[in-house]
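Accompanying notes for the structure given below.
Protein chains: 2
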Amino acid sequence: MQYGYFDNKKKEYLITQPDTPLPWINYLSNGKYCAMISNTGGGYSFYIDPRDLRILRYRYNNLPVDRPGRYIYIRDNHTSEYWSPTWQPVMKSLDSYECRHGLGYTKFSSSYQGIHTEILYFVPLEDNVEIWSLTVQNTSSERKELNIFSYAEFCLWSAISDQRDLQYIQNVAVAKYSEKNKAIFYHLFDLSTYVAFFSSNGNITSYDCDREAFIGDYRSEANPISVEKGRCGDSQALGGNPIAATCNKIVLNPNESKKIIFVLGVIKEKSQATQLLYKYEKFENVEIEFLKMKEAWDNYLKNLVAETPDKDFNSIINIWNPYQCKTTFDWARYVSFYETGIGRGIGFRDSNQDTLAVCHALPNQVHDRLIELAKNQFESGEVYHIYFPLTGKGGYPDYINPIMKFFGDDHLWLIFAVSNYLKETGDMSILEENIKYVEGSKEILYEHLKRAIRFTNNNTGPHGFPLIGTADWNDTLQLHGPNKQGESVMVAMQYHKALLDIDEIAKEFNRKNNFIEYNNLADKVKENINKNAWDGEWYIRAFDDDGEVIGSQNNEEGKIFLNTQSWAVFSKVASEERGLQCMDSVRNYLNTNYGIKLLYPPYTQFYPKMGGISTFPPGLKENASIFCHTNPWAEIAECILGRGDIAYEYYKKITPTTKNKIAEIHQTEPYIYSQMITGNDHPKFGSAKNSWLTGTASWTLKAATDWILGIRPQFHGLMIDPCIPKKWNKFRVIRYFRNAIYDITVQNPEHLSKGNARIRVDNIKQENNLVPIFKDGRKHIVEVKIEQ
Amino acid sequence: MQYGYFDNKKKEYLITQPDTPLPWINYLSNGKYCAMISNTGGGYSFYIDPRDLRILRYRYNNLPVDRPGRYIYIRDNHTSEYWSPTWQPVMKSLDSYECRHGLGYTKFSSSYQGIHTEILYFVPLEDNVEIWSLTVQNTSSERKELNIFSYAEFCLWSAISDQRDLQYIQNVAVAKYSEKNKAIFYHLFDLSTYVAFFSSNGNITSYDCDREAFIGDYRSEANPISVEKGRCGDSQALGGNPIAATCNKIVLNPNESKKIIFVLGVIKEKSQATQLLYKYEKFENVEIEFLKMKEAWDNYLKNLVAETPDKDFNSIINIWNPYQCKTTFDWARYVSFYETGIGRGIGFRDSNQDTLAVCHALPNQVHDRLIELAKNQFESGEVYHIYFPLTGKGGYPDYINPIMKFFGDDHLWLIFAVSNYLKETGDMSILEENIKYVEGSKEILYEHLKRAIRFTNNNTGPHGFPLIGTADWNDTLQLHGPNKQGESVMVAMQYHKALLDIDEIAKEFNRKNNFIEYNNLADKVKENINKNAWDGEWYIRAFDDDGEVIGSQNNEEGKIFLNTQSWAVFSKVASEERGLQCMDSVRNYLNTNYGIKLLYPPYTQFYPKMGGISTFPPGLKENASIFCHTNPWAEIAECILGRGDIAYEYYKKITPTTKNKIAEIHQTEPYIYSQMITGNDHPKFGSAKNSWLTGTASWTLKAATDWILGIRPQFHGLMIDPCIPKKWNKFRVIRYFRNAIYDITVQNPEHLSKGNARIRVDNIKQENNLVPIFKDGRKHIVEVKIEQ
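Chains A and B are the protein sequences, given in the same order. Start counting the first sequence at 1; every next residue gets the next number (the numbering used here). Start counting the second sequence at 789; every next residue gets the next number (the numbering used here).
In C-alpha cells form, the structure reads like this:
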C-alpha cells in the first residue's frame, strides 16, 4: 500500500494520506537549530544539543502517536468548528491533504469546508529560528471569519530533567507575553541557559503561556478549551507547563487569502529578539531566507549527480540519500523520533563513518569534525565511545565493560575517515595539525592515526586477533568475561584495512619507515586471519572469553555472520577464491527478500557469554535482523568480486524507494533508510525500525557511487571502476572533485557488470582508469566504455 | 467547590465526580508490590524499586492527564457502545460515578445505560499481585450481552531505559498468551529481572499482548480499535510495546450480576505463577485476602485513636495522616504521580523523619530502617544523601556541591530518629548493634550517633556555625562558593537539639563522660546562636560563602525565614522572651490564609550566591511557598510557648480536610498533605503541588499527637502535656505504648490551652504528668484534668 510518491523535479516526497504507518518525518536544520517535523505536524526542536538545550517537548512512544508538535488550529467562527490543517492533533477528516517533505522544509496543503491552507515550515540558514508560514484562502462563496490558533509546548532546556524531575521542572520556568514585543518569551526564572521567543506578524488577539489554561482539564491537543471557546485565556506561566499559544482573528471574503508568519527562536538574551522579530515579520524576508536555504541544498547536492536507467536509483542517489547523509553527519545517532537525544551523545565510530559520504560536498565541515573527533583519543590510542556536542566532552555508554572500556574497532575508524578525506580533498596539511589527546598532551593528526594502530597492535588475544573490549562494530557482541580475552575477527579485518590505508597515507606523507612497518604488519594480520579464522565455507566472527569460536559450522546457533564475509573481501584479506566462497555462503544463508540478515540461525535464548546480541527476540536488531548498515558492505564486496547484478540486487533490497508500494509492511519513511528491517525469523518480517539515524546512509551512498557506479577518489586521480547491472546500457555522473567538474558518461555496449574501462578525458585517451586531477574549476568531459 | 467527602465510618474518602482538579490517588501496597491508582483508574505499579523494577508504565505530565492505568472497558454488543466504569480513558458521561479511596484499596461504583459496575482494586498482604475484582450487574429490563476488556501497559522493568532508550526497549521485551495457564506472561527476552503475569478467572475469548494491535494506529486508550470492533486481535508481542489486554464475553439477564477477578503479579520465574493463578481465580480467596488486608490496616491505626470536639481533626489524625505516614515511610520522596521514581532514591534525611510518626505502630520496621540508614554513614560521621532500596547503595543528587558533598543536617536526623525510637520502644539494645560504615569498618549504633555529632563539631565556619555543605534541610539554599564557608544557623539549632537528645541517650545508656561532654557542647552552641544569630526581632537563617548574613532586616529580600524561628524554640535555644518575639515575627510576616510561608519577602531574581532557592518564581517551592513540612515545626514551637489557639490555627491552615470545600483552588487530594501550597506572592496562591510524599506527613502527626494533644513518649513514661484550643472541653485518646493500652481522657473545664495536668491512672493520683510504663498488655484508664 502506498501513502505517497517522489516528486523528483521538486526534490520532494509527497505524502497524500496523513495516517502513515508511523510518523514520517523531516529534519529542518541549519546545523545548530534543529526542528524535526512529521507529516502531521508533530515533532520537537533543540539548539546544538538535544540533551541540554531542548526547546520544544515531545512525548515519545505516545498514545496517540506523535504528540505534541507545531500546531495550527483553524476555527470557523460561524460554525464554531475547528480543525488542524496538518490533520493532527484534531484529526478531522480533511477534504484534501498533502504533505511535501523537501530538503530542509516541509509544506502542508489541505482543505476543510471551504478553507484552503498552506503551511511552510523551515529553518533559515543563519538565524536560529523556525518559521511557520501560513496562507489561508477562502475557497467558498461566503465570507469567513476565522480564528487562527498556534501552539507549541516548551521543554525545560534540560531534556533529562524535563522527563525525570517533574515536580521540580514545574516550578522553575516562566513564559510571559510581552505587549511591547508582541511576543511570548520563555526561559528559566534564573535566566540560565537560553531564552525562546514566539511571535506572529498577525494581530495577536489573545494568547496563552500556560498549557493547562490553553488545553483545559482532562483535554488534550485534540480539543483545547481555548480553541473550542474561540479565544485564549491570556495566561502567563510562572511555573507549570509553559507553552506559546496565540490567536489571530482574520476575515476572508470569497477567494481572498491572507498570510501569517509565526516565528519561534532561541537567543541568549531577551534583547536579541528585537532584530529577529523585526526581520521575520516581513514576508519578503521569509521568502529570501527560504530561497537561500533551497540554494544551499542545491549546492550541496550538485557535487554528485547520477543519471542511470533506474529512476528510483537516481532519486535516492541524487536527493534522498545525500540528504540523509547530511542529517546523520549533523546528529549522528543522537536525536530522532526513536532516539531521545538524552542518552547516547555523538558516537565516535558513527561520526567518523558519517563523514564518508558528505566529504565531497562539505570538506571543511568534515575537516573540523575529524579534528574534534581526534580530541577524544587517549595517548594509548584508545578513544571515547561517545562525546557530547555542546561541550565536546567524551564518555561511555551504560553498557560499558568496566574492565576493558574500549570498543575493539572505534579508534580504527578515524583512519578510514581521514584516508577518505585525504583522497577526496588532497589536503595533506590536516595530518600536520596539532591535536590534544584526552590527557592534554598534543601531537599531529598523523601521530594520532599511528597511535590508533598501536593500540590494536598492543591489545591482541590468545589467537592473535584484536581484543574486542566492550564490543566491536556490533555493540551487542559483548564477550565480557573474567579472562578478558574475547577477540574480534571483524576488527582484525578492519585492522588489516586500516594498515593498508595508513600505509598508503605514510607513503604520501613521506614516512617511508612507517610504510614498510605497516606493510609487514598487514601481511601478518592477513596470514593469521586466513589461518585461524577460516571455517571451511566462511570466516568465523569472534572468539569468546573462553577462546571458543563464534560464527562457525560447529555452533548450533549463530553459525554464520555477515560482517566477517563482506569485510574479508572489502579489507583484501580474502583471496578471490575464498571471497567468492564466503560471499556465496552469505547468499545461501543470509539473503532474504528484504535484505541480508546479520547472522544465521538466530539465537533463541540468552547466552550470558554472548551478552546483548542474545537479548533480542530472533529477527530483531543484532539478533538476525536485516541490519541495514551492513548491507552496503556486502554490496561493496560483491562489486570487488565483479558480481554487479548481485551487488545491485542487494542494493535495491534495502533501498527505501522499493518500500514505497509496501509501506504498510515497511512502516518507516520510504525516502530514507532505517537502522533495521525485521528479519524473516520474526512474525513482523519486513517492518523497519529506527528510521533516519544510521550508518546505512553513508555506506549505502558510498557503495552506490564509489563501487556500483565505481567513481572513487584516489590520492592521484578519480578512479572509474564501475560494477553495474549487466542490463544497463549506460549512465552519466556529474562529479565535483578537487576543484573541477567531471562530466562522466559510461557506455556498456557489451552488457558487462565489470570490465576494462577505456577512457577519454576531454577527448584525450587515458592509459588507465585514473582520471587526472585538474584543479582548474572547469568542466571536463569523461567518456568511458566498458569492454571485456 | 467540593468533589467528595470523608466517610469516616468506612475510613474512606468518597469522590463523587471524576474530573477532579488533578488525579486524586491512592497507594495500594504491601510494602513490596506497590500500585498507585487515581480516582479515574490511572496509575502504575512497581516491585520494591520503582527505578529498576517498574511493572506498569505511566506517562507523567501527559495530555490528557493521567494515562495509562488499570483499565476496564465495557462494550454493549447490541449497541456497540463502550465505556470505562472508571470514567477514564473513554470519558463517556456516566449515569452514576463513585470512587472510594480506602486504606490499601480503591473501589469504583458506576452505572451506564442499564449496567452497574463495581471494581475493587487492592494488593494482598503477602502475595506480590494486584487484584482487580469486577462485578457487573444488569439493572435494565433487557438481556445484555457484554464484552469486558481489560488493559494494562507494561514498562521495561528499568524505568530509566523505558523513557530514554526507546529504540532499544522496543526490541527486548516479550509478552505472550499462554493457553495452558490462561495468562499473559511478560518478561525480557533474556529472562533477566522478573516475570509479570496477567489473567482473569473469566473465560478469555480473545487477548492482545501488543499495544499497537489493541489500540490501533493514531488511536489512544480512549478508543482502542479492539474495543470498537468487539474483540482483541490475539496478538503476541516480540518486541514492540507489550501489554496485557483480555476480552471476556458475558451475558446478563435483567438483575443478574456476574463477577470477574483480574490478577496482575510479579514473580521471579514463570513456574511460580501457577499457584498464584490458582489461588486468585477463587472469589473466596480474594475476599479472605481483602479482609486480611483491612485487618492489618485496622491494627496499624488502633495504636493511636483520638476523639476530640473537632471531627475533621479526628478523621485526619485517626485515618488519613497515619495512612500517609505509612506511605512516606515506605517510599520516602521516591515515587508518586509527581515523583517519577527514577531520580532521587530514598533520602537519608527524609527516611529518618518518616520513622517518627510510624514508630508507635511499626517499631520493628522502624528498627530495621534505622539500621539500614546507619549503613549509609561514613567513618567521618557524614552520610550519603540518598540510597536506593533495591541495592541499599548510597549516592548523591545531581546538584551536589562537588567540594563539600555533605548536607549540613543529614547525619543529625539519625539522632532524632533513634531518640524517638528509644523513647517509644524502650529498646536500648539497638544502640549496641554493630553496623558497618560505608568504608566497611563496624561500630555499634551508639558510636554512629557520636560520629554524627563529631562531624558537625569538626565542620564549622568562621562564625562558629555548622558548615552548610551542599545545603541544609532547605536543599535549595546552596551557599556554595570558593571560600567553602557557608554556614547554617538552622543546622546549629538542630545540632543543639541533637546534643540534648544524645545527651539524654548517653545518660540512659550509662555513658557519663559523653553526657557531660555533650551538655557542655550544647551550652556553647546555644550561646553562640544567641550571640551571633539574633537579629533583633528574629533569628537569621545563615551566612553565605562571603560571610554575609541571610535572613536579616538588613537584607532586601529574604529578610525573615520561618525555620530558624520555629527551631529556635523547638531546639530550646531561645529564651521564652526571644521565642515569643521570633514567633510573633513569624505571625507578622509569614502567616497567610493557607499556611505559613517559608520566607519574606521572596527573591525576585536569581542570586548566584544563594543558588536554587532563587531559581523559583516568588511563591513557589523554597522561594516563599507555604512549604508544608515546616508548618508543624511552627505548631510545635507555639505549643512549647503555650499558645494553643495559634498552634491549632496553623495546624488547621494546612490540614487537607480544610481544603475539601475549596478543592478547585487547592487542586491536590483533600485527604492527604502535599509538599507545598503556592504562596501569596504568586497568582495561583493556594494551589498545592506534589501531593503525598512529604515530611509534612510525619511532622504534622507528631505536632498533633505529641504537642497539641501533648501525649509524648519519654524514656520513663508517657508524658501528658496538651496545648489545645481553649474552647475544647475535653478529648480522649487511646494510645498503645510499651505493651499497654492507655485510655486517656483529658478534661479542660477552665478552657485553657495549657496548664497543669492533674492525672489519675487507674484511679491512682499521679505526682507529675508522666504516666508510668506498665508492659502488661492491659488497658489503663488515664484521667487528666487541666488546671491553672
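Note that beta-carbon positions come from the ideal geometry of N, C-alpha and C, so glycine has one too.
{"Asked": "Rounded C-beta distance between Lys1526/B and Gly1214/B? I'm assuming under 8 angstroms.", "Found": "Lys is not the amino acid found at residue 1526/B; the sequence shown has Arg there. About 6 angstroms; that satisfies the 8 angstroms criterion."}
{"Asked": "Return the CA-CA distance between Tyr832/B and Ile1076/B, expressed in angstroms with no decimal places.", "Found": "25 angstroms"}
{"Asked": "Could you please give the first and the last residue of the uninterrupted beta strand (DSSP E) stretch that includes Glu307/A?", "Found": "304 to 307"}
{"Asked": "Do the stretch 216 to 227 of chain A and the stretch 177 to 196 of chain A meet, that is, are 3 or more Cβ pairs less than 8 angstroms apart?", "Found": "no"}
{"Asked": "How would you label Met1/A, buried or exposed, when you count the other beta carbons within 10 angstroms and need 16 or more for buried?", "Found": "exposed"}
{"Asked": "Hey, how far is the Cα of Gly1257/B from the Cα of Glu1235/B?", "Found": "23 angstroms"}
{"Asked": "Kindly identify the DSSP beta-bridge partner or partners of Gly1399/B.", "Found": "None; Gly1399/B has no bridge partner."}
{"Asked": "Starting from Gln951/B, find everything on chain A with Cβ-Cβ shorter than 7 angstroms and list it in chain order.", "Found": "Gln163"}
{"Asked": "Report the residues of the stretch 659 to 686 of chain A with a CB closer than 9 angstroms to any CB of chain B, ordered along the chain.", "Found": "Gln675, Met676, Thr678, His682, Pro683, Lys684"}
{"Asked": "Pull up the distance between the alpha-carbon of Ile741/A and that of Tyr3/A, whole angstroms please.", "Found": "38 angstroms"}
{"Asked": "Against chain A, with Cβ distances strictly below 8 angstroms, would Thr964/B count as a contact?", "Found": "Going by the sequence as given, residue 964/B is Lys instead of Thr. No, its Cβ sits nowhere closer than 8 angstroms to a Cβ of chain A."}
{"Asked": "Can you look up Pro466/A in the DSSP assignment and give me helix, strand or coil?", "Found": "strand"}
{"Asked": "Is there contact here, the stretch 357 to 372 of chain A with the stretch 64 to 80 of chain A, by at least three beta-carbon pairs under 8 angstroms?", "Found": "no"}
{"Asked": "Need the endpoints of the beta strand (DSSP E) that Asn1109/B sits in, please.", "Found": "Careful: Asn1109/B lies outside any beta strand (DSSP E), inside the alpha helix (DSSP H) at 1109 to 1119."}
{"Asked": "Closest by CA to Lys1385/B, which one among Thr1403/B, Gln1369/B, Gln1393/B, Ala1422/B?", "Found": "Ala1422/B"}
{"Asked": "Please look up how many angstroms separate the CB atoms of Tyr600/A and Ile646/A, rounded, as I've assumed it's under 8 angstroms.", "Found": "With 8 angstroms as the limit, Tyr600/A and Ile646/A do not qualify as a contact, their Cβ atoms being about 18 angstroms apart."}
{"Asked": "To which residues of the same chain is Gly1004/B closer than 7 angstroms at the C-beta, ignoring the five residues directly before and after it?", "Found": "Pro1012, Ile1013"}
{"Asked": "Any idea what DSSP makes of Arg859/A, helix, strand or coil?", "Found": "Outside the displayed span of chain A (1 to 788) sits residue 859/A, for which this structure offers no information."}
{"Asked": "The beta strand (DSSP E) that contains Ser271/A, what's its start and end?", "Found": "Premise fails: Ser271/A is in no beta strand (DSSP E) and is neither H nor E."}
{"Asked": "For Asp1494/B, which residues in the same chain have their Cβ closer than 6 angstroms to its Cβ, ignoring the five residues on either side in sequence?", "Found": "Arg1500"}
{"Asked": "Could you work out which residue in Ile319/A, Ala245/A, Ala542/A is closest to Asn8/A when comparing CA atoms only?", "Found": "Ile319/A"}
{"Asked": "Distance check for Gly464/A and Asn528/A, CA to CA, integer angstroms please.", "Found": "7 angstroms"}
{"Asked": "Where does the unbroken beta strand (DSSP E) through Pro242/A begin, and where does it stop?", "Found": "242 to 252"}
{"Asked": "Could you say which of Ser988/B, Gly902/B, Pro912/B, Met879/B lies nearest to Leu922/B if we only look at CA atoms?", "Found": "Ser988/B"}
{"Asked": "Can you tell me whether Val1277/B is buried or exposed? The criterion is at least 16 other CB atoms within 10 Å of its CB, across all chains shown.", "Found": "buried"}
{"Asked": "Tell me whether Glu1083/B sits in a helix, a strand or coil according to DSSP, three-state version.", "Found": "helix"}
{"Asked": "Would Tyr671/A pass as a contact of Cys628/A if the rule is Cβ separation under 8 angstroms?", "Found": "no"}
{"Asked": "Indicate whether Phe1243/B and Glu1170/B have their beta-carbon atoms separated by less than 8 angstroms.", "Found": "yes"}
{"Asked": "Can you give me, in chain order, the residues of the stretch 958 to 982 of chain B that have a beta carbon less than 8 angstroms from any beta carbon in chain A?", "Found": "Gln958, Asn959, Val960, Val962, Leu976, Phe977, Asp978, Leu979, Ser980"}
{"Asked": "With DSSP collapsed to three states, give me the class of Tyr121/A.", "Found": "strand"}
{"Asked": "Mind checking Arg54/A: buried by the 16 CB within 10 Å criterion, or exposed?", "Found": "buried"}
{"Asked": "Can you list the residues of chain B that Ile342/A reaches, using a CB-CB cut of under 9 angstroms?", "Found": "Gln951, Arg952"}
{"Asked": "Have a look at His1155/B, Thr1482/B, Ile862/B and flag the residue whose alpha-carbon is nearest the alpha-carbon of Leu882/B.", "Found": "Ile862/B"}
{"Asked": "Go ahead and label Tyr1283/B buried or exposed: buried means 16 or more other beta carbons lie within 10 angstroms of its beta carbon, across all protein chains shown.", "Found": "buried"}
{"Asked": "If you run the structure through DSSP and keep just helix, strand and coil, what is Val1279/B?", "Found": "helix"}
{"Asked": "For Tyr651/A, does the three-state DSSP call read helix, strand or coil?", "Found": "helix"}
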